[in-house]
Amino acid sequence: MSKNTPLSIAFEPEFIAGLKDIFEQRIVFNQLLGLKIVSVQPERVVTRIDMKPELVGHFAYHRVHGGVISAGLDATGALAVMAATGAKHMDEPPAQRLQRFGKLGTIDLRVDYLRPGIGTHFELHAQVLRLGSRVASTRMEFLGPEGQLMSAGSAAYIVS
Numbered sequence: 001m002s003k004n005t006p007l008s009i010a011f012e013p014e015f016i017a018g019l020k021d022i023f024e025q026r027i028v029f030n031q032l033l034g035l036k037i038v039s040v041q042p043e044r045v046v047t048r049i050d051m052k053p054e055l056v057g058h059f060a061y062h063r064v065h066g067g068v069i070s071a072g073l074d075a076t077g078a079l080a081v082m083a084a085t086g087a088k089h090m091d092e093p094p095a096q097r098l099q100r101f102g103k104l105g106t107i108d109l110r111v112d113y114l115r116p117g118i119g120t121h122f123e124l125h126a127q128v129l130r131l132g133s134r135v136a137s138t139r140m141e142f143l144g145p146e147g148q149l150m151s152a153g154s155a156a157y158i159v160s
């Protein structure tokens with residue numbers, strides 16, 4: 001999170017609803033993964049994926065596919081950038097801030113798979129390390145049902 005952004009910012013319900021609509025409805029691939037927003041704060045976001053048969057990558061162990069992990073981390077990192085960008089521009093109305101995400105895209109993504117993705121559900125956490133005028137850097141975590149770290153990621157996103 002940028003040093004210039006206060007951590008005490010509370011987003012308006014309209015902004016949160018708009019983010020949920022973009023993230024959970026308009027990005028159809030997130031629907032396919034079953035990605036849902038758990039919480040959105042300027043400095044950190046949390047999402048969740050419930051395990052379902054369509055996400056299995058190894059049939060014998062009922063493990064989640066690595067592509068699901070990387071796509072989930074990427075999407076959650078992008079959501080963190082949306083939150084940080086929204087917090088940076090609190091002087092604008094919520095609808096105007098939501099328009100800022102049209103050019104957001106992934107530049108680079110790195111994922112370290114640390115443990116097999118086995119569980120009934122998974123939580124994904126992301127935070128913005130730096131929000132520049134053109135590029136944002138993030139760190140993400142993919143956690144199992146008991147909170148164990150299963151995968152870690154980092155990414156860079158174009159923001160303008």
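Residue numbers (full-length UniProt numbering): 1 to 160.
All residues carry an ideal CB built from backbone N, CA and C; glycine is no exception.
- Close CB contacts of residue 85 within its chain, under the 6 Å cut and outside five residues either way in sequence, are with 100 (chain order).
- Beta-bridge annotation (DSSP): residue 48 is paired with 36, 123.
- Around the C-beta of residue 95, fewer than 16 other C-beta atoms lie within 10 Å, and the residue is accordingly described as exposed.
- When the alpha-carbon of residue 134 is set against those of 122, 53, 121, 106, the nearest one is in 106.
- With respect to the C-alpha of residue 110, the residue from 102, 130, 69 having the closest C-alpha is 69.
- By the Cβ criterion, the segment 118-134 is in contact with the segment 76-91, since at least three pairs of Cβ atoms, one from each stretch, lie closer than 8 Å.
- Following the DSSP letters along the chain, one finds residue 111 in no alpha helix (DSSP H) but inside the beta strand (DSSP E) bounded by residues 105-113.
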